[in-house]
Amino acid sequence: MANTNDLLNRINQHYSKMSKGQKLLSTYITDNYDKAVFLTAAKMGEVVGVSESTVVRFATSLGYKGYPEFQKALEELVRNKLNSVQRMEVTYGRISQSKILQTVLESDADKIKTTLEKIDQNAFELAVSTILSAKHIYIVGIRSCAPLASFLGFYLNLMFDDVRLLTTNSSSELFEQMVRIGKEDVIIGISFPRYSMRTLKALEFANNRSAKVITITDSIHSPMNLYSSCNLIADSDMASIVDSLVAPLSVINALVVALCMKKQKQVAGTLTMLEDIWDEYQVYENDEINCIDDSIKAHYAKLEDMDS
């Protein structure tokens, strides 16, 4: 895994040999990385007082292929450095008050698009087969990732006999819930910046006991991938008041659908039983239940015909 401070290390290593303009850029970036990350090469040159070509040469002198690759390294640095207050300040500077709805929805749509373009299909298929063959399935997602973990756990419980959603306030409690994890088991860890140390420790614990580790995270450079043999990468917002987890949820949706397709008969049987329970105990409003009943029975009939 690349060092998340790789950019700063490169700057420090090359600083003594830099030109005056490059040193000015180094100082600005080190002190204002939360602002620099949103600047084009031309704009950064304007802010620092150097030419655009100096900015591009600065990027290549640090070993990057060009300014876009340098900017990605800067994004990795910012992703792990910004605290909550800084994230809020950056967001306020990026979004017009009159265009909040449009800006946020367009940004979320873009994250799903970029996730689709770069997600590893082989890793996705490996995740499906690993979950299908696991004896016990553990899921861990903490803080803002807890709803994602809960969503995944809810649907996996419809398909598998032993799904364990880890809920905890301390690392020791996590280990207690995972004490019997072994080589026939899998753990799915979900974490996005700022990364959860408790989630990372849970994955380390599972890896040390030879369990399979699947991660759902935002980058190949994520610390979550230290112990993972299967990484599902989904874009999340780099700097905002709240974490954008739309793309990760879409990846989880796809994972659930793929698993359902592999276990159609079992899922149909479970849902049939649940529908009877929901109806008997009036879990849902009656008109809604009756409507769902008809469509589900028709669907089950098709599945039974396919299996016979």
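Residue numbers (my numbering): 1168 to 1475. Positions of the beta carbon are idealized from the N, C-alpha and C atoms, including for glycine. All figures in this text were calculated on a predicted structure; none of them were measured in a lab.
> Going by the beta-carbon positions, is the gap between Met1391 and Ala1373 smaller than 8 Å?
Replying inline: Along the sequence shown, read from residue 1 onward, the residue named residue 1391 stands at position 224. Along the sequence shown, read from residue 1 onward, the residue named residue 1373 stands at position 206. Taking C-beta atoms as the reference points, Met1391 and Ala1373 fail to come closer than 8 Å.
>> For Arg1177 and Leu1229, I'd like the C-alpha separation in whole angstroms.
In response: Along the sequence shown, read from residue 1 onward, the residue named residue 1177 stands at position 10. Along the sequence shown, read from residue 1 onward, the residue named residue 1229 stands at position 62. Going by the C-alpha atoms only, they are around 6 Å apart.
>> I need the straight-line Cα distance from Thr1232 to Arg1224, nearest angstrom please.
In response: Along the sequence shown, one-based indexing puts residue 1232 at 65. Along the sequence shown, one-based indexing puts residue 1224 at 57. Checking the sequence, you will find Lys at residue 1232 rather than Thr. For Lys1232 and Arg1224, the distance between alpha carbons rounds to 10 Å.
> In this structure, does DSSP put Gly1320 in helix, strand or coil?
Replying inline: Stepping through the sequence shown from its first residue, residue 1320 is reached at position 153. The three-state secondary structure of Gly1320, taken from DSSP, is helix.
>> Below 8 Å on the Cβ atoms is my contact criterion, and I expect Leu1325 with Leu1333 to pass it. Report the Cβ-Cβ distance as a whole number of Å.
In response: Along the sequence shown, read from residue 1 onward, the residue named residue 1325 stands at position 158. Along the sequence shown, read from residue 1 onward, the residue named residue 1333 stands at position 166. 19 Å between Cβ atoms; not a contact.
>> Ignoring anything shorter than 3 residues, give me the beta strand (DSSP E) runs that lie fully in the segment 1324-1364, in order along the chain.
In response: Restricting attention to beta strand (DSSP E) runs no shorter than 3 residues, the segment 1324-1364 encloses them at 1330-1333, 1353-1357, ordered along the chain.
> When we look at the beta-carbon of Gln1288 and count the other beta-carbons within 10 Å, is it buried (16 or more) or exposed?
Replying inline: As a working note, residue 1288 is residue 121 in the sequence shown. Exposed: under 16 other Cβ atoms inside 10 Å.
> So, are the CB atoms of Phe1291 and Leu1399 less than 8 Å apart?
Replying inline: Sequence index remark: in the sequence shown, residue 1291 carries index 124 (1-based). Sequence index remark: in the sequence shown, residue 1399 carries index 232 (1-based). Yes. Within cutoff.
> Any idea what DSSP makes of Asn1199, helix, strand or coil?
Replying inline: Sequence index remark: in the sequence shown, residue 1199 carries index 32 (1-based). Correct three-state label for Asn1199: coil.
> When DSSP builds the beta bridges, which residues end up paired with Tyr1382?
Replying inline: By 1-based counting over the sequence shown, the position of residue 1382 is 215. The displayed chain sequence assigns Thr, not Tyr, to residue 1382. In DSSP, Thr1382 forms a bridge with Gly1356, Asn1398.
> Thinking just about the alpha-carbon of each residue, which of Lys1239, Lys1190, Ala1378 is nearest to the one in Thr1221?
Replying inline: Numbered from its first residue, the sequence shown carries residue 1221 at position 54. Measuring from the Cα of Thr1221, the nearest candidate turns out to be Lys1190.
>> Let me make sure I understand the geometry here. Which of Glu1242, Lys1266, Leu1393, Asp1173 has the alpha-carbon closest to that of Asp1201?
In response: Mapped onto the sequence shown, residue 1201 falls at position 34. Residue nearest to Asp1201 within the set Glu1242, Lys1266, Leu1393, Asp1173 is Glu1242 (criterion: CA-CA distance).
>> Please report the distance separating the alpha-carbon of Lys1239 from that of Ser1300.
In response: The sequence position of residue 1239 within the sequence shown is 72, counting from 1. The sequence position of residue 1300 within the sequence shown is 133, counting from 1. Each residue's Cα considered, the two are about 37 Å apart.
> Which residue's Cα is closest to the Cα of Gly1216: Tyr1195, Phe1205, Phe1321?
Replying inline: Numbered from its first residue, the sequence shown carries residue 1216 at position 49. Of the candidates Tyr1195, Phe1205, Phe1321, Tyr1195 places its Cα closest to the Cα of Gly1216.
>> Applying the 10 Å Cβ sphere with the 16-neighbour rule, what's the burial state of Tyr1182?
In response: For the purposes of this step, residue 1182 is taken as the residue at position 15 of the sequence shown. Under the 10 Å beta carbon count, Tyr1182 is surrounded by fewer than 16 other beta carbons and is classified as exposed.
> Going by C-alpha distance, which of Asn1199, Gln1433, Ser1193 is nearest Tyr1322?
Replying inline: Walking along the sequence shown from the start, residue 1322 turns up at place 155. Nearest C-alpha to Tyr1322: Gln1433.
>> Rounded to the nearest angstrom, what separates Asp1446 and Glu1236 at their Cα positions?
In response: Translated into the one-based positions of the sequence shown, residue 1446 becomes position 279. Translated into the one-based positions of the sequence shown, residue 1236 becomes position 69. Roughly 56 Å separates the two Cα atoms.
> Per DSSP, what kind of secondary structure is Gly1308 in: helix, strand or coil?
Replying inline: Position 141 of the sequence shown, counted from the start, is the residue given in the question as residue 1308. Strand.
> For the candidate residues Ser1363, Leu1412, Ile1309, whose alpha-carbon lies nearest to that of Ser1389?
Replying inline: Within the sequence shown, residue 1389 is the residue found at index 222, counting from 1. Considering only alpha carbons, the answer is Ser1363.
> Any idea what DSSP makes of Thr1297, helix, strand or coil?
Replying inline: Taking the sequence shown and counting its residues from 1, the one referred to as residue 1297 is at position 130. Of the three classes helix, strand and coil, the one that applies to Thr1297 here is helix, per DSSP.
> What number of angstroms, rounded off, separates the C-alpha of Val1380 from the C-alpha of Val1307?
Replying inline: Within the sequence shown, residue 1380 is the residue found at index 213, counting from 1. Within the sequence shown, residue 1307 is the residue found at index 140, counting from 1. Taking the straight line joining both Cα atoms gives about 11 Å.
> How would you call Arg1310, buried or exposed, if buried means at least 16 neighbouring beta carbons within 10 angstroms?
Replying inline: Locating residue 1310 in the sequence shown gives position 143, counting from the first residue. Its Cβ having fewer than 16 others within 10 Å, Arg1310 is exposed.
> Taking all protein chains shown into account, do 16 or more other C-beta atoms lie within 10 angstroms of the C-beta of Asp1402, making it buried, or fewer, making it exposed?
Replying inline: The residue given as residue 1402 occupies position 235 in the sequence shown. It is buried - the Cβ of Asp1402 has at least 16 other Cβ atoms within 10 Å.
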